[in-house]
Amino acid sequence: MMTDPSMVFSTDPRHGLVARSGWEQEEARTVLRDLGWEWTEELHALVPPDDVPEVDAGLQAVEELHLHGHRTGYAVGPYGTMRLTLDRAEQVFTSVTARESAATEPGRALAEPRSTYGDAAALEWAETTTISSEHPAF
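Read in order, the letters of the sequence shown are residues 39 to 176 in our numbering.
The following block contains the structure:
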């Protein structure tokens, strides 16, 4: 697990992908604001712009944060934060958003990930009506 990242990404059941940081990480928050992320007071987090798919917004954010020398992480439930490198970011964001889509629309299959960024391997999700609450092993 990673200690003290500059920006931590996670998901909110009602808002999808969100980004949080400590109060001292103003520069990291500025990087996201420049990319169109907006502060949402009720979540105490930044949310990606509505006109960009979450996967693409997350990947762009991780890439820009790394270019500016910030460390990023992804919240893994109560277990802490895993290090989020650009190489792993697409896999993490794609699987998380696909899982959320399946959770909001049980019984519907997802033929391919929502990302148009980079060359991610296509994920094929079987049609199912049961949703697991377990966190995936990344």
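No residue lacks a Cβ here, since even glycine has one placed at the ideal position from N, Cα and C.
Whole-Å CB distance - residue 43 paired with residue 110, under 8 Å assumed: 6 Å
Assign residue 121 to one of two classes, buried (16 or more other C-beta atoms within 10 Å of its C-beta) or exposed (fewer than that). exposed
Can you tell which of 91, 65, 57 and 79 has its C-alpha closest to the C-alpha of residue 105? 65
Determine the DSSP secondary structure at residue 132, reduced to helix, strand or coil. helix
Using CA atoms only, rank isn't needed, just tell me which of 90, 128, 55 and 89 is closest to residue 78. 55
Measuring CA to CA, which of 75, 62, 51 and 60 is closest to residue 100? 75
May I ask you to report which of helix, strand or coil DSSP gives residue 163? With a pLDDT of 28 at residue 163, under the threshold of 50, the modelled position of that residue is not reliable, and the figure given next carries that caveat. If DSSP states are grouped into helix, strand and coil, residue 163 belongs with coil.
Could you check where the alpha helix (DSSP H) with residue 42 kicks off and where it finishes? Counting along the chain, residue 42 falls outside any alpha helix (DSSP H), and DSSP gives it neither H nor E.
Cβ atoms of residue 45 and residue 97: under 7 Å apart, would you say? no
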